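Going by the numbering used here, 407 is the number at position 9 of the sequence shown; the sequence numbering is gapless.
A virtual CB, placed ideally from N, CA and C, is assigned to each residue, including glycine.
Since we're looking at a predicted model, the values are computed, not measured.
Everything on this sheet refers to the single structure shown next.
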Amino acid sequence: MEHKDDVIFAKGIKKTYQMGEVEVNALRGISMRIARGEVVSIMGPSGSGKSTLMNIIGCLDRPTSGDYFLDNQLVSNMTDDQLSSVRNKKVGFVFQNFNLLSRSTALINVELPLRYAGVIEGRREKAVRALESVGLGDRINHKPTELSGGQQQRVAMARAIINNPSIILADEPTGNLDSRSGKEIIELLLNLNKNFGTTLIIVTHDAKIAKQTQRVIKLYDGLIKGGKKK
């Protein structure tokens, strides 16, 4: 296939929502490629279609029309159950709001993708290694309320990498952090790419973060208006 070297290949992606009697065209024909091991940022003003595109890339939603391949697998016409399986195996998420279980320890939060995948053997050991890789080996039994914002985001990163995903999708990962913690999180993400070749996609409004990526994809009114390599 012509897109065999791309971890993401999207062609003619459209997404339409029905809001009462009004039809909203959130994406109006997105075509893009992201190579394996690439570091890409996605930028755009509010209402540009960033969240919709991220939901489709992350297999949280399907396009109204168009083809989307993730890791050479056509996922745009999958059922919810199939999407869920692909999402668990191939996508690691890092969200602005961390999305951690507040009553569970860091270890249990990081184990979650393995639990969903039905992995039993070696689960704890893998979670511990993931936490150690983000500098939290001494916080495995702490709950989110006992951790700083930067530490909570590190837990989220450990959870994102536990299944060795094809891509890590970071949605405004520094949005709720102070500048020092935010800088540390971006460095950790970039090191995942440098050390393991992980494909990294960062949605951000911060031009300083975008400058650290290899390519910036700019969205306006549901269309890509930029995306050339530097």
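Which value, in whole angstroms, describes the spacing of the CA atoms of residue i and residue j?
i, j, result
"Q551", "S463", "34 Å"
"I559", "A528", "7 Å"
"N486", "M417", "30 Å"
"N593", "Y415", "40 Å"
"R522", "E544", "21 Å"
"N475", "G548", "37 Å"
"D619", "I538", "43 Å"
"I518", "L499", "20 Å"
"F491", "V601", "11 Å"
"M399", "L481", "Interpretation of M399 is limited by its pLDDT of 47, a score under 50 that renders its predicted location unreliable; the figure taken from the coordinates is listed afterwards. Using only the alpha carbons, I get a separation of about 22 Å."
"T377", "E419", "Outside the shown range of the chain, which is 399 to 628, sits residue 377, and nothing can be said about it."
"A424", "V614", "20 Å"
"S496", "E421", "Rather than Ser, the amino acid found at residue 496 in this sequence is Phe. So the alpha carbons of these two residues sit roughly 32 Å apart."
"A605", "L512", "35 Å"
"E530", "G520", "15 Å"
Just to confirm the assignment, what range does the beta strand (DSSP E) spanning residue i have?
i, result
"K412", "404 to 417"
"S463", "463 to 468"
"D569", "565 to 569"
"V473", "V473 -> no beta strand (DSSP E), and no H or E assigned at all."
Would you check if the distance between the CB atom of residue i and the CB atom of residue j is smaller than 8 Å?
i, j, result
"V457", "V473", "The sequence shown places Cys at residue 457, rather than the Val named in the question. For C457 and V473, yes; Cβs fall inside 8 Å."
"K616", "M441", "yes"
"K413", "P443", "no"
"Q471", "E570", "no"
"I411", "T597", "no"
"L587", "A568", "yes"
"S634", "D469", "Past the boundaries of the shown model lies residue 634; the chain is included only from 399 to 628, so the question cannot be answered."
"N561", "A504", "no"
"R434", "D459", "no"
"A525", "V508", "yes"
"I583", "L575", "yes"
"Q612", "E436", "yes"
"K448", "S502", "no"
"M430", "I566", "no"
Please state whether DSSP places residue i in a helix, a strand or coil.
i, result
"L505", "helix"
"G548", "helix"
"I538", "coil"
"V517", "coil"
"S439", "strand"
"G580", "helix"
Where do the N-terminal and C-terminal ends of the alpha helix (DSSP H) with residue i fall, by residue?
i, result
"G427", "No alpha helix (DSSP H) contains G427, which is instead part of the beta strand (DSSP E) from 420 to 433."
"A528", "521 to 531"
"D459", "Neither: D459 is in no alpha helix (DSSP H) and is coded neither H nor E."
"N486", "478 to 488"
Say the cut is 7 Å; is the CB of residue i nearer than that to a heavy atom of the ligand COA?
i, result
"A424", "Annotation note on the ligand COA: not contained in the displayed structure, which lists no ligands."
> Quick one: complete beta strand (DSSP E) runs, 3+ long, within the region 587 to 622?
Replying inline: Counting whole runs of 3 or more residues, the region 587 to 622 contains the beta strand (DSSP E) stretches 597 to 601, 613 to 618.
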